[in-house]
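The listed protein sequences derive, respectively, from chains A and B. Just so we're aligned, residue 1 is where the first sequence starts under this note's numbering, counting upward by one. Just so we're aligned, residue 1 is where the second sequence starts under this note's numbering, counting upward by one.
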Amino acid sequence: MAGFLPTLAELADGGHEGLHTLYISPLKALAADIRRNLTGPIAEMGLPIRVEDRTGDTPHSRRQRQRADPPHILLTTPESLALLTSYEDAARIFKGLRRVIVDEIHALEESRRGDQLMLAQARQQTLCPDLRRVGLSATVENPSAVARFLARHPDPCAIIHADPGPAPDIAMLKTAEPPPWSGGGGAYAIPAVLAQTRQHRTTLIFHNTRAQAEIFFHKLWLANEDALPVGIHHGALSREQRERVEQAMVAGQLRAIVCTGSLDLGIDWGDVDLVIQVGAPKNVKRLVQRIGRANHRYNAPSKALLVPANRFEVVECRAALDAVRAGDLDGDPRGSAPLDVLCQKILITACAGPFDTAALYHEVRTAGPYAAISRAQFDDCLDFCATGGYALRAYDKWKRLLFKDGKWQLRDPRAARNIRMNIGTIQDADLLKVRMHRSRGGAPLGEVEESFAASLTPGDTFLIGGQIVRFEALRELVVEVSRDRGRTPRVATFSGTKFATSTQLSARILRLLQQSEWPDLPRHTAEWLALQRKVSRLPRPGRLLIETFPHEGREYACLYGFAGRNAQQTLGLLLTSRMEEERLAPLGFVAADYATLIWGLEPLTDPAPLLDPTRLAAGLDGWLQGNAVMKRTFRSVATIAGLTPRNLPGQRKSGRQATFSSDILYDTLAKYDPDHLLMRITRAEAMRGLVDFARIEEMLTRIGPDIDLLRLDRVTPLAAPMLLEVGRVPVEGQARERLLAEETERLMSAAGLT
Amino acid sequence: MDASHHFEFQGCTLTARPSGALWWAKARTLTVSDLHLGKAERMARRAGLQIPPYEVQDTLQRLQSEIEALSPTRVICLGDTFDDMEAGRAVAIQVQDWLTRLQSGREWVWIEGNHDPGPLPLSSAHLAELTLATLVFRHIATPETGEISGHYHPKAKLPVKGAGAARPCFLYDERRVILPAFGTYTGGLRTSDPALSRLMGPRARAVLTGPRALPMPMPR
Numbered sequence: 001m002a003g004f005l006p007t008l009a010e011l012a013d014g015g016h017e018g019l020h021t022l023y024i025s026p027l028k029a030l031a032a033d034i035r036r037n038l039t040g041p042i043a044e045m046g047l048p049i050r051v052e053d054r055t056g057d058t059p060h061s062r063r064q065r066q067r068a069d070p071p072h073i074l075l076t077t078p079e080s081l082a083l084l085t086s087y088e089d090a091a092r093i094f095k096g097l098r099r100v101i102v103d104e105i106h107a108l109e110e111s112r113r114g115d116q117l118m119l120a121q122a123r124q125q126t127l128c129p130d131l132r133r134v135g136l137s138a139t140v141e142n143p144s145a146v147a148r149f150l151a152r153h154p155d156p157c158a159i160i161h162a163d164p165g166p167a168p169d170i171a172m173l174k175t176a177e178p179p180p181w182s183g184g185g186g187a188y189a190i191p192a193v194l195a196q197t198r199q200h201r202t203t204l205i206f207h208n209t210r211a212q213a214e215i216f217f218h219k220l221w222l223a224n225e226d227a228l229p230v231g232i233h234h235g236a237l238s239r240e241q242r243e244r245v246e247q248a249m250v251a252g253q254l255r256a257i258v259c260t261g262s263l264d265l266g267i268d269w270g271d272v273d274l275v276i277q278v279g280a281p282k283n284v285k286r287l288v289q290r291i292g293r294a295n296h297r298y299n300a301p302s303k304a305l306l307v308p309a310n311r312f313e314v315v316e317c318r319a320a321l322d323a324v325r326a327g328d329l330d331g332d333p334r335g336s337a338p339l340d341v342l343c344q345k346i347l348i349t350a351c352a353g354p355f356d357t358a359a360l361y362h363e364v365r366t367a368g369p370y371a372a373i374s375r376a377q378f379d380d381c382l383d384f385c386a387t388g389g390y391a392l393r394a395y396d397k398w399k400r401l402l403f404k405d406g407k408w409q410l411r412d413p414r415a416a417r418n419i420r421m422n423i424g425t426i427q428d429a430d431l432l433k434v435r436m437h438r439s440r441g442g443a444p445l446g447e448v449e450e451s452f453a454a455s456l457t458p459g460d461t462f463l464i465g466g467q468i469v470r471f472e473a474l475r476e477l478v479v480e481v482s483r484d485r486g487r488t489p490r491v492a493t494f495s496g497t498k499f500a501t502s503t504q505l506s507a508r509i510l511r512l513l514q515q516s517e518w519p520d521l522p523r524h525t526a527e528w529l530a531l532q533r534k535v536s537r538l539p540r541p542g543r544l545l546i547e548t549f550p551h552e553g554r555e556y557a558c559l560y561g562f563a564g565r566n567a568q569q570t571l572g573l574l575l576t577s578r579m580e581e582e583r584l585a586p587l588g589f590v591a592a593d594y595a596t597l598i599w600g601l602e603p604l605t606d607p608a609p610l611l612d613p614t615r616l617a618a619g620l621d622g623w624l625q626g627n628a629v630m631k632r633t634f635r636s637v638a639t640i641a642g643l644t645p646r647n648l649p650g651q652r653k654s655g656r657q658a659t660f661s662s663d664i665l666y667d668t669l670a671k672y673d674p675d676h677l678l679m680r681i682t683r684a685e686a687m688r689g690l691v692d693f694a695r696i697e698e699m700l701t702r703i704g705p706d707i708d709l710l711r712l713d714r715v716t717p718l719a720a721p722m723l724l725e726v727g728r729v730p731v732e733g734q735a736r737e738r739l740l741a742e743e744t745e746r747l748m749s750a751a752g753l754t
Numbered sequence: 001m002d003a004s005h006h007f008e009f010q011g012c013t014l015t016a017r018p019s020g021a022l023w024w025a026k027a028r029t030l031t032v033s034d035l036h037l038g039k040a041e042r043m044a045r046r047a048g049l050q051i052p053p054y055e056v057q058d059t060l061q062r063l064q065s066e067i068e069a070l071s072p073t074r075v076i077c078l079g080d081t082f083d084d085m086e087a088g089r090a091v092a093i094q095v096q097d098w099l100t101r102l103q104s105g106r107e108w109v110w111i112e113g114n115h116d117p118g119p120l121p122l123s124s125a126h127l128a129e130l131t132l133a134t135l136v137f138r139h140i141a142t143p144e145t146g147e148i149s150g151h152y153h154p155k156a157k158l159p160v161k162g163a164g165a166a167r168p169c170f171l172y173d174e175r176r177v178i179l180p181a182f183g184t185y186t187g188g189l190r191t192s193d194p195a196l197s198r199l200m201g202p203r204a205r206a207v208l209t210g211p212r213a214l215p216m217p218m219p220r
C-alpha cells in the first residue's frame, strides 16, 4: 500500500488524464487483491481515481475498453504488459504514465518473466521518458543486483532498507507419527495440522506442488471431523474457483487454505495467524516469504510451522530453520539474460509498427538484464526473427520481417495476431481444461496435463480442486467429468515447478550431517542417520560418497553430491552417457536434491575416470546434443523465440498425423545447423537452468580425487528413499534396446504370432 | 545380425526395414511412403513460420542410403511425397539434379496422395495406383485385399517403459500392409486410434522402426 502513496497524492486533485501508475506483480491473484485493497480507501476518501486490474483473467471486452480509455492506476502482470506494448497505439495507451511499481521484484528478478518485464519497461521509458520505477520486496539477498536489474541502465538506483520487524516464531511441527521414508505429501501430519488449525483463526498450508496440495486437501477433508471450513487454491484451478476461495478468505469464512506458490506473495489476507509449510522449503528466501504471510501487522512476529514430508526433509527443515534464524538468505547469481526473450521482444516491437535497428538496440541496452548485450548478439536475434537465421538461406520469399524505407516491419501484418497470441515466457506443459459434464452445467474446474488426460479411460476418477470427479469424455479438447464419491481417486499431474535446494542450504545440511549426534533432530531421524553411519557412512563436505549395491536384479550406484535436484540430474545424464560409452549398460537414473541414483545391467567399479571434470566438460557438447533435457529446453526456447508458437488462430488439433514434435526440429538442427541461434540459446539455458552445470563443475572441482566408493550388499538407509523417488529418467541406449527386443519377442510368442 | 523384419504377405516375402522403407527382394522393389517434402516451405508460406529448412535434404539423404544399400530396380513413392502441390513444384525444381541421380538406371513410380493429387513437373510415371503380381500399391487403404498403402503415419506405443513414447511402425495383417511415414517432418497416429484399429484384423502386427525393426502384436 505504501508504494501507492505518492500516486494517490499526485492524483488527488483530479487533474491527471489517462494512465498515471502501472503496478506489476508476478501473480494475477496479487493484482486482484491490491485492487480490492486500493479501491476501499480511495472510495472512502472520495478521491477521483480509477483503479483496474488487467490480467489473463480479465474479460476481452474490459481489456478493449482499458485500451481505449486507460484507468489512472492499472494493476497487471509482465505478460499483459508485454501485450500492451505490442499494440500500434501503445504510445497513446501509456500517455501520461508517471510511475511503475514492480512488486515482489525478487520473484521476477530470477526469471525470464522479469527479463521480459524489463524489456517492456525499456519500451515504456522510450514512450514516456520521465517515468519513475519503484521495486518492492521483503526478501532480497543482494539489493544492488536487484537495483541494476530494475533501473534504466546506466542510471543509478536508490535503495531504501525498511525495518525488518521482529524475528519470526518458527519451528518444526511435532507429530505423533514419524514422517515416511520417501514421498512429498506430508499426509502423516494431517492430525497435527488439523489440531493447529483448530487453535488458530486462519492457517495457510503451503505445498511445493499442485498435485501434493490436491492430495493433502482431499485427505485433510476426509479427516476433518469438526467440518472446519477449509479451501484449496492453486494455479491450475479455474479462475471462478480461485476467486471464490479468495473472496471467502477475505470475508474471514475459511479456517484453512491448502495452497501452493499461487499464494506465496504479498496478498494481504490480514487474519492469517499461522503458516504451515508442508515439504522442505528448498530455498530459505521462499520460506521467509511464506512465513511472512502470517500476521501481516507491523511489529507482530509471524508464526510458522514446518512439516518435513520425509526423513531426509527433517534434516533439510532443521537446516532451513537455522538459516532463517541466522538471517542467511540464499540466491545464486544469474548470468547474461536469455536471447529467446529478446527474439520475442523484437517480434513484439514489430507488431507495434516499423522500427529502426539502432534505436531498438539502444532501447534494449537500457534494460538492466540486457545492458551488456553486444550488437552482434542483437543482430543475430534480429536475423532469426527476419529470416529464420539458418545457414541455408531458404526463406527469402517468406521472410517474417522486411527491411523497407530504412525500417524493419512485418512482411505480413496479419502475423501480428499470431505473435500476440504467443506472448509470454511461462512454459507450462500442454494443459486441457476440465469441466463438469454439460448435463451438469459444464462448470469449469481447472486444468490437467494433456498426457494425464490421454491416460484416462471413461470411469476413471481423479482429484481436482479438492473433489473427486469421474472422467466421462474428452470432447473438443475439454476433459468432461462428473461428480463421484467414495472411490480411491488417481491424482492429476500438474506442471508444478520442481525447485532445487539452494547451494547455501545444501552446504548447511552437509554440515549438519557431520555432527557426532543430533539432539536437535527428532529421534527417528537421528536414528536413521546413525544407522547409515554404522552400515555405510555419511556424506562429507569436500568428498564425494558413492555407494553401489545390487537390488532386484539391477546394479545400482548412488552418488551423494548435494548439488541440488537439477545439478544431480545433470550428473545423472553425464555419468550415464559415459557409462554407455564404457558399455556399462545403464538403464536409467533418478535425481533428488542430495543424490543421484543410477541403475543398469553392469556394476560401477571405477568411477574416478568417469567423473574426471575435464573429460566430462569435453564430452559435454556431444552429450548435450542427444539428451532429453536438451530437447525439453529447446522446446521452450523455440516457443519463446517464436519458432514453434503454442497457439495459432483457427488451429485444428485433430488430424494428429499432420503435427510433429519439436524434438524432430531439434534433431534436424543438431545435424545440419548446430550453431543456429536457438541451439546456442538452448545450450546456454540448459547449462544454467535445467542442467545447472556450474554446480556440477563446482562440486567435482571441490572434491577432486576425493571419491569414496563403497560396495555394499544391499540398499543403505540413505539410498533407500531414492528408490522411491519419482521422476525417473530413462537412458536410451544399448541396454534399453536389449530389453525392448526381449519384450517385443515375448509379446509375439504370448500372442501366438511367431 | 539382420536388423530387418521379413514376413510373408499374399505369397510374397517382404522386408520391413528399420528405416521405415519396405523392400520386396524378389521384385527388387523399394517402397517408401509419405515423404512430405516441402513441409517447411509450406509452413513458411501458410503460417509465416520458419522451421529449419533441412527436411528435404534429410529425407532424400535417408532415401539415398536405402537405395545405395539395396540397388532396387524399382522405387515406389506411395503418395504424399510432397506436402502440397505448390511445395511440390518448388522442391522439384530445387532438388531436380538429386532426384535425377537417384532415378537413373531404375524405374521410378510416383503414386498420388491426398496432399499431392495432381501431376508434378517430375520425370517418371505418376499414377493413382499400381498393381504388381498379387500386390496393389496405393496411398490410402481401401477394403481391397493385397494392398500396400501409407497415409496414416502409424506409430506404436512402446511396450518397455522409458524407451521413449512411441515409434513410427509398419502395420500388417493377412490383407494389408500400412507403411510408416518416411519423411523427416512427419508426426504419427497411434495404432490405438479407431481409424487404424478398424482397418487392421485381430492378428495384425506392428513392426517398430528404429535401430532394429522389431515386430510385436499391434497395440490396440
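Don't be surprised by glycine CBs; every beta carbon is placed ideally from N, CA and C. Values in this document were obtained by computation on a predicted structure and should not be read as measured data.
- Rounded to the nearest whole angstrom, the CA to CA distance from Lys285 (chain A) to Glu316 (chain A) is 14 angstroms.
- Given a length threshold of 3 residues, each whole run of the beta strand (DSSP E) inside the stretch 99-137 of chain A is given here in chain order: 99-102 and 132-135.
- Relative to Ala320 (chain A), the option among A:Ser374, A:Gln504 and A:Arg615 whose CA is nearest is A:Gln504.
- In the structure shown, Gln377 (chain A) adopts helical secondary structure according to DSSP, grouped into three states.
- Closer than 8 angstroms at the C-beta level to chain B, one finds these residues of the stretch 669-693 of chain A: Leu669, Lys671, Tyr672, Asp673 and His676.
- Within chain B, the C-beta atoms nearer than 7 angstroms to that of Phe660 (chain A) come from Tyr185, Thr186 and Gly187, in chain order.
- Contact between the stretch 78-95 of chain B and the stretch 147-166 of chain B is present, with at least three C-beta pairs closer than 8 angstroms.
- Taking 8 angstroms as the cut-off, the beta carbon of Glu685 (chain A) is found closer than this to the beta carbon of Val637 (chain A).
- Taken atom to atom, the span from the alpha-carbon of Lys433 (chain A) to that of Gly185 (chain A) is near 25 angstroms.
- By the beta-carbon neighbour count (other beta carbons within 10 angstroms, threshold 16), Lys631 (chain A) is buried.
- Glu743 (chain A) belongs to the set of residues whose beta carbon lies under 8 angstroms from a beta carbon in chain B.
- Its Cα nearest to that of Pro550 (chain A), the residue A:Cys558 stands out among A:Cys558, A:Arg543 and A:Val288.
- Secondary structure note for Ile464 (chain A): its beta strand (DSSP E) is the uninterrupted segment Thr461 to Ile464.
- Counting along the chain, Phe216 (chain A) sits inside the alpha helix (DSSP H) bounded by residues Arg210 to Ala223.
- One alpha carbon belongs to Lys157 (chain B), the other to Ser192 (chain B), and they sit about 9 angstroms apart.
- Gly446 (chain A) sits in a strand when the DSSP states are folded into three classes.
- Around the CB of Ala167 (chain A), fewer than 16 other CB atoms lie within 10 Å, so the residue is classed as exposed.
- A straight-line Cα-Cα distance of about 20 angstroms links Met687 (chain A) and Ser506 (chain A).
- Per DSSP, Ser33 (chain B) lies in no alpha helix (DSSP H) segment and is marked neither H nor E.
- For the C-beta of Met216 (chain B), the chain A residues within less than 7 angstroms are, from N- to C-terminus, Thr744, Leu747 and Met748.
- Identification of residues in the stretch 37-68 of chain B having a C-beta nearer than 8 angstroms to some C-beta of chain A yields Ala40, Glu41, Ala44, Arg45, Ala47, Gly48, Leu49, Gln50, Ile51, Pro52, Pro53, Tyr54, Glu55, Gln57 and Asp58, given in sequence order.
- According to DSSP, Asp169 (chain A) shares a beta bridge with A:Lys303.
- The beta carbon of Trp398 (chain A) sits closer than 8 angstroms to some beta carbon of chain B.
- One finds Leu740 in chain A with Cβ atoms closer than 7 angstroms to the Cβ of Leu158 (chain B), taken in chain order.
- Below the 8 angstroms Cβ cutoff, chain A contributes Glu737 as neighbours of Pro211 (chain B), in chain order.
- Inter-residue distance for Thr548 (chain A) and Leu712 (chain A) is about 6 angstroms (C-alpha atoms, whole angstroms).
- With three or more CB-CB distances shorter than 8 angstroms, the stretch 37-48 of chain A counts as touching the stretch 3-14 of chain A.
- The Cβ atoms of Thr145 (chain B) and Pro18 (chain B) do not sit closer than 8 angstroms to each other.
- Leu171 (chain B) and Leu63 (chain B) have their C-alpha atoms roughly 20 angstroms apart.
- Judged by DSSP secondary structure, Ile34 (chain A) falls outside any beta strand (DSSP E) and instead within the alpha helix (DSSP H) spanning Lys28 to Met45.
- Taking the beta carbon of Arg176 (chain B) as reference, no residue of chain A falls within 7 angstroms; the closest one sits roughly 16 angstroms away.
- Under the criterion of beta carbons closer than 8 angstroms, Asp115 (chain A) and Pro369 (chain A) qualify as touching, at roughly 5 angstroms.
- Distance check between Ala181 (chain B) and each of B:Ala25, B:Arg28, B:Ala27 and B:Leu37 places B:Leu37 closest, using alpha-carbon atoms only.
- Shown in chain order are the members of the stretch 393-423 of chain A whose Cβ falls below 7 angstroms from a Cβ of chain B: Ala394, Tyr395, Trp398, Arg400, Asp412, Ala415 and Asn418.
- If the five residues before and after Leu306 (chain A) are omitted, its C-beta is found closer than 6 angstroms to the C-beta atoms of Met172, Gln277 and Cys317, all from its own chain and listed in chain order.
- Close to chain B, meaning a Cβ-Cβ distance shorter than 8 angstroms, are the following residues of the stretch 634-650 of chain A: Leu643, Thr644, Pro645 and Leu648.
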